[in-house]
Amino acid sequence: MKKRLVFSFCSIVLVLSMILGPLACGEPVDTTTYRLTAAVTDLHESSNPFLASGRGDIRIMSRIYEPLVVGSGGAAIPRLAESWSYDDSTMSWTFNLVQDAEWSDGEPLTAADVKYTLDTQYAGDYSGGGDSKEFVDTVTVVDDNTVKITVTEYASAFLDFLNSMYIVPKHIWEDVADIDTEANLAPVGSGPWLWDEYVPQSHVAFKKNPNYWGGTVNIDEMVLEIYGSQELALLALKTGQVDMVPTVELYSYIPQLLESTDVKVGVDRAANFYNFLFVDHREEPNNLPAFRQAVSMAINRQDIIDFALFTYGSIPRMVPLVPEAIASEDVDWPGLGMTDEARIDEANAMLDADSDFSDFVEGETRTYKGDPLNIEMTIVNRPADVQQAEIIRENMAEIGINVSLKLIGFGPMMGMMFGGGWDDWTWSTAGHGAGGSTLDGLAQEFGADPYNVWYDAPSLGWGEDGDGGGTTAARALQADLRQSRREDDPATLATLIEQIQVDFAAELPIIPLSQGNTIYAYRLDTFTGWAPQEEMDGQGSSGHLLGTINILALEPIAQ
Amino acid sequence: MPILTVDDLRTHYFTEAGPVKAVDGVSFTLDKGESIGIAGESGCGKTTLAMSLMRLIKGGAVVGGKIHLGDISLLDMSINEFRKIRWERISLVSQAAMGALNPVYTVGSQIVEAIQLHWDMSKSEAWERTAHLLTLVKVDPVRGRSYPHELSGGMKQRIMIAMALACDPEIIIADEMTTALDVVTQAQVLKLLIDLQKRLDLSLIYISHELSVLGQACDKMIIMYAGKIVEMGPTAKIFGAPKHPYTQKLLGSLMDIHSDCVIPDSIPGKPPDLLNPPKGCRFWPRCTVGQVTCETQEPLLIEVEPGHYMACNCSDDKI
Amino acid sequence: MENEQYFEVDHLTKFFPVKKRGQFFGKPIYVHAVDDVQFTVRKGKTYGVVGESGCGKTTLARMIMHLEKPTSGRMLFKGQDITLFNGKQMKALRRQMQMVFQDPFGSLNPVRTIRNIVAEPVRVHHIFQNRQDEKIKVQEMLETVGLSSSDEMLEKRPGQLSGGERQRVGIASALILGAEFIVADEPVSMLDASIRADIIALMMKLKEEKNLTYFFITHEFGMARAICDRIAVMYAGKMVEVADAASIVDHPLHPYTQLLIDAIPPLIPDPNWGKNISEGEVPYFTVPPPGCRYHPRCSRADELCKSEIPELVDYRDGHFAACHHV
Amino acid sequence: MNWKWLIRRLGFMLMVLAVAVILNFLIPRLMPGSAKQAYAGKLPEAVQVKIIARFGLDKSIWEQFVLYIQNTLKGDLGMSFSNHPNSVTYMIGNALPWTLFLLLTATIITVPLGYVFGVIAGWRAGSKTDTGIQIGSLSLLATPLFWIAMVLLYVFSAQLGWFPLRGAETAYSGYTGLKWVGDVLWHAVLPVLALMTLFGAYEMIMRNTMVTTLRENYIITAEAKGASENRVKYKHAARNALLPLITSVGIRFATIVGGSVFVENIFSYPGIGSLIFDAVISYDFPLLQGAFLIFSIVTVVVVFLLDLVYLRLDPRIRY
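Quick note, the sequences are listed as chains A, B, C and D, same order. For the first sequence, our numbering assigns the number 1 to the initial residue and increments by one for each residue that follows. For the second sequence, our numbering assigns the number 560 to the initial residue and increments by one for each residue that follows. For the third sequence, our numbering assigns the number 879 to the initial residue and increments by one for each residue that follows. For the fourth sequence, our numbering assigns the number 1205 to the initial residue and increments by one for each residue that follows.
In structure tokens form, the structure reads like this:
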């Protein structure tokens, strides 16, 4: 019977594949080769630094190439530039390159490479290179190891913008005919890794750069495997098929990950997505910090995170939350860790303490200076936002504030929020993505120049003394901010930034509801030397955990 | 000694409403070299009878009676044993025009299959025999390499006959063999079958609803009605002096090209539902000579003349 | 009235294009399904066409009913040229011309009720304004064809009817518009002999009652003899003999007609029957043989038959035959 | 070999391909926005200029068509937006072998399975075996492909750890020869199993045609010939019932092509399905267009190959 033959043949193939497969793959090719495997879910992987702009691309660039500095919120970690200085106007910057830096092909890395990179990037208007190119005016080679960059406008955040300005070797790229279509499949870089193999939809593989100028890399290979979904990536981590997941986006899976003692979940607290309750501080009693603090205290943020954003809303790419499971050690917000009852009691106590507010009576609306506290909250008419507003409304009822909801479309809302239609709202909620630190993000909403906003604070109605310098607090903030930008000692800088945020939070006409942080996870049983939490803060783990910053410390655990 | 004896054969089909008594107590014998024609309207059980002889009933079963081929009881042997009897001793010619030949094999290979299933013969020997059989039915042996769709209806019917002869069977059952053939082709095929039957001394059971065809081909006739034999006898008697009212009506409904009678009579009414056949004479509701007793009294098949049997309560009055 | 030129067909021809094996481009060759046929059907008469399968008789019927477009030739109905009638004209014409099909098992939609099937033509022509009138008409028609007009019958579906009943339904549906010219394509060939006679009797009764004219296609010469006034014998797309029923059966002129008659098994078994039946079949040809199409099978054939196409010639009071050797 | 039929099918296939190619040309030009937008919209400006020149997007529609045909014949389908600077051809070239491997393996395993089970179920329609198989097939048919894929992945990869969680081969493994083959098969087991849910459809088709075929007269002939049950089942019934199955495989192939989008995405299999999924979510029109063109070509070619099989199996194909 011919058909039977075919059938038997196919069954045999199937069975064989089930048996042969695992047998054939049972052991790695070379046991002395240490390989770090990471699961990623991003789509496109390119190794052309001029074109790299997506998150997946950046992740690859940061392994092959390096920028002058890695900046974040005014802090900066030296990379190819070991030190830098700037003039008083902050319009002219001088970078001193590290001595003896080499390209992976052995050629020396010089200031000429920096000039070439910035000039080419600016002239070609390529998608890669970040925002710095917008500011760069001229690049001058002072000597082999010194380069001077002038910028076109006052830009104290210039260091931040250099993050993704990857310096490329001039001697290679001058010969490239068409940068726009160059796949750059054998890149020569200065980073710890050399790109070795790229299979679209499958993986990107790196070999260690034996000539790495920054030190000895202890891992031989790194493979970024592309997974179809976050679930699979996390499953792969849990089952030990990969060593890390640089970006955890699936909030609901984190508790499962934490069950395993071999898995560590970390948070990069450089928030890049915020969800706020905006308060029109020109109106009473919104102008009272105590009132805002009471409101802030009463809001059940965990509910908002758990329920509103993840039951009704779409899940943003960057997870705007810190799940309770890992929140205890990494984040802080008013009322975190308190019971609902305690939180509400405390909020009520704060209002009761002010005699302008009537005392709290269960089920009744408080009055402020005799007027009932009926507050209108404008929200975007989307399920997630409505749900979130409902939670806030319930919380407010518990402290005697009656909130009514006014639903409007996304477009009009944004126009009102950021286009100056302040008269139309009393309270409002909106989510917003921001670059850099909390301060930068907020500042950007209120003025064209993020670093001028503090000078302009009075014009925003901030404070009441009106002497052109803003409130004392605002002036103090500004001073701290300026200092932070010039501060080189990381410890001092961290303290400063923290102080700024604490001071600022008290005065802010904005109440944070949730914030987006990058969460990463890795296995503890395969490699040691993962950077401690505090080092990762604000560093953009996806860019650096496996890249230039962390890699030298990583050591494989011999199995 | 008859070559085939059928005794009180009963075949029922099982439906949800109950058993359909398609063949209900049929007995007859077939002698060596004899040809019997079985006639009746559609649904009278004649095809079921043929299929019962081949043990090919689907959705039903032979529930009673005996079939003897010589000394062997066909119904008592296992189906595997019976498979050896099939075709080697009893073969079946069915309507080739209605797809009795498998469309995906050459007709020759289908004959070869029949031979090799029973005879220990090499392929080439079987093909030789196939060529011989085709010559016998006046078909060019080259046609053995053709597929059924490449052949005309008459040719296919001849090939069915050749296939039926493959293992020199004692009995051939021809079921509606020439139905759906054109009249000239029908005549040619019929002539061929009659000729072969005489020449090879075959025993033939010819089933058809066309009485005139049976009249030409058969020595003996069986008229069936509603699962029972109503009349059985030599062809000349049946055609010349039919005794049963049903036989008379059946013959009367034929169109005679040479008669002046413009339109023949029809038989009013329709055959009974075999789920619940009438108690007495099954033909009684349509019968014009029936009496009241016929409604309850079931007529027996009795020999009215030597070799001429009939089942009618009113026979004495009619004759 | 009797001799009115009721339905006339003039040089009607139908070629079906067929491409040769392996031929992808270029002109196809044509199968001569119906080749230059002419005849006249008279009012109130039954015109029979007899022939074996493939002789073109069904194509002829389909052309008359405009189910097939003639390659050339004309058709006249009551003196009016209907050959090139468009859909709208045909719709009107169908009130006068209807067809009864061969297969009562296949021609009725199995999921529709008898009432719907019979009423279909009147619905298409929007005859009745309300359903009650329509129902009365349907019941009347069912009674006319000898079926019960009970509500139970109206709601039955074809599967619940016997073959004979189904063919009656087919006839009722054909007659409901009051058609007077009926094209019947082997209306009883699928039925048992006992029922066959019934249906034929019904058709003949209706013919008398309603003064119908039949164009009757059959392969059974006996049937044609019994009911037709005039019979045409077709072979390979051509009419080979046309005559009154009695004349053609009793004194066939064409050897093919003779063969057809000889091939019918006699009612009384006759040991001599079949002596004259020659071997050979209707050949499947795309290009007909030159001369008389029957000559390859004909015992009388000579050189003339191979080269010259015989014309239909009136040999005896309207008894036409197309043979060189009558 | 029936050349005429073959040439006709070949011509038909070329026509379908031509339609696919022309549609591929027309759709971006009929979309809201301009063809420039569809071809180059999300590419860097410098590349846009090159693409516009390469596809003549600023020229007349006829010049564009000529360029499009030339480029297509050269294998230039444009630049992928989301994978820039990789060309569409490069992306598809990487992905196509995997998809073909997956789809063909699934088909080659599923069709015989559906065949065998269909034969078994159809042979004794209504029996317990039949009911069991029907329930299985229907459940498979009714279960969404992606769900089955997810369950397989969760159970066999995540829980039991028998199979890998992703990919077509161990990434960057350096395996060669047999080891590589084993690795690839190991990775393919689950995706192929998921795609094998089509077994249900094949089984149902096979079973139903089997039931119809068993009513054919040639089955009775075969049984009457004394052929054994298996011979009747496989040689006569199944052989004929196979023909509609072959046709349906062609039709269903288009379905599994669609199914591969789910399956490949769930198993992170680097084939065209994943490519299409990614192209859709990143609005990568040129890539999407290229993938669809390739899928139409693959489907047409597979259908043509099946036609060849059909040609071998069915002698009736004449025209």
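Beta carbons: idealized from backbone N, C-alpha and C, even for Gly.
- Counting the other CB atoms within 10 Å of its CB gives aspartate 1076 of chain C a total of 16 or more, which places it among the buried residues.
- DSSP places valine 1385 of chain D within a helical segment (H, G or I) once states are collapsed to three.
- CA-CA distance, alanine 690 of chain B to threonine 1347 of chain D, rounds to 55 Å.
- Residues of the stretch 690-710 of chain B that bring their beta carbon within less than 7 Å of a beta carbon in chain D comprise Tyr706 and His708, in sequence order.
- Annotation: the continuous alpha helix (DSSP H) that includes threonine 1451 of chain D extends over 1443-1470.
- Contacts with chain B (Cβ-Cβ distance below 8 Å) from the stretch 1088-1122 of chain C involve His1097, Glu1098, Phe1099, Gly1100, Met1101, Arg1103, Ala1104 and Ile1105, listed in chain order.
- Around the beta carbon of methionine 1219 of chain D, fewer than 16 other beta carbons sit within 10 angstroms, so the residue counts as exposed.
- About 7 Å separates the beta carbons of isoleucine 720 of chain B and leucine 755 of chain B, which is inside the 8 Å limit, making them a contact pair.
- At a cut-off of 8 Å between beta-carbon atoms, proline 1248 of chain D makes contact with chain A.
- When rounded, the separation of the alpha-carbon atoms in glycine 1245 of chain D and leucine 1449 of chain D is 45 Å.
- With a beta-carbon spacing of about 5 Å, asparagine 211 of chain A and glutamate 102 of chain A fall inside the 8 Å limit used to define contacts.
- Tyrosine 1487 of chain D is classed as exposed because its beta carbon has fewer than 16 other beta carbons within 10 Å across all chains shown.
- The beta-bridge partner set that DSSP reports for isoleucine 730 of chain B consists of B:Ile649 and B:Ser762.
- Between methionine 943 of chain C and chain B, the shortest Cβ-Cβ separation is not below 8 Å.
- Our two residues, methionine 780 of chain B and threonine 806 of chain B, have alpha carbons roughly 11 Å apart in a direct line.
- Contact between alanine 1052 of chain C and isoleucine 1095 of chain C is absent: CB atoms are separated by about 14 Å, not below the 8 Å threshold.
- By the criterion of a C-beta distance shorter than 6 Å, cysteine 846 of chain B is surrounded in its chain by Pro804, once the five residues flanking it on both sides are discounted.
- Below the 9 Å Cβ cutoff, chain A contributes Pro200 and Gln201 as neighbours of methionine 1295 of chain D, in chain order.
- The beta carbon of proline 1167 of chain C does not come within 8 Å of any beta carbon belonging to chain B, so the residue lies off that interface.
- When rounded, the separation of the alpha-carbon atoms in alanine 997 of chain C and glycine 965 of chain C is 21 Å.
- Spatial neighbours of isoleucine 995 of chain C in its own chain (CB-CB distance under 8 Å, excluding positions within 5 residues in sequence) are listed in chain order as Leu986, Asn987, Pro1036, Val1047 and Ser1051.
- Distances from the alpha-carbon of isoleucine 304 of chain A to those of A:Asp87, A:Ala430 and A:Ser514 put A:Ser514 closest.
- Taking the CA atoms as reference points, alanine 521 of chain A sits about 29 Å from isoleucine 299 of chain A.
- Under the criterion of beta carbons closer than 8 Å, proline 1395 of chain D and tyrosine 1473 of chain D qualify as touching, at roughly 6 Å.
- Interface residue (Cβ-Cβ distance to chain D less than 8 Å): histidine 44 of chain A is classified as such.
- About 5 Å separates the Cβ atoms of cysteine 1106 of chain C and threonine 924 of chain C, confirming a contact at the 8 Å cut-off.
- Proximity of the stretch 719-739 of chain B to the stretch 761-769 of chain B meets the contact definition, three or more beta-carbon pairs being nearer than 8 Å.
- The residue from D:Gly1215, D:Asp1511 and D:Thr1276 with its alpha-carbon nearest to that of asparagine 1228 of chain D is D:Thr1276.
- In this structure, valine 245 of chain A keeps its C-beta atom at 8 Å or more from the C-beta atom of leucine 232 of chain A.
- At least one beta carbon of chain C lies nearer than 8 Å to the beta carbon of isoleucine 816 of chain B.
- Contact with chain B is absent for serine 1028 of chain C, since none of that chain's Cβ atoms lies less than 8 Å from the residue's Cβ.
- Contact note: threonine 794 of chain B reaches chain C through Pro1147, using a C-beta cutoff of 8 Å and chain order.
- Taking CB atoms only, serine 985 of chain C has no neighbour in chain B less than 8 Å away.
- If you draw a straight line from the Cα of glutamine 1268 of chain D to the Cα of methionine 165 of chain A, it comes to about 39 Å.
- A contact is defined here as three or more CB-CB pairs under 8 Å, and the stretch 1168-1178 of chain C meets this definition with respect to the stretch 1116-1136 of chain C.
- With respect to leucine 1138 of chain C, aspartate 815 of chain B sits apart: the two C-beta atoms are not nearer than 8 Å.
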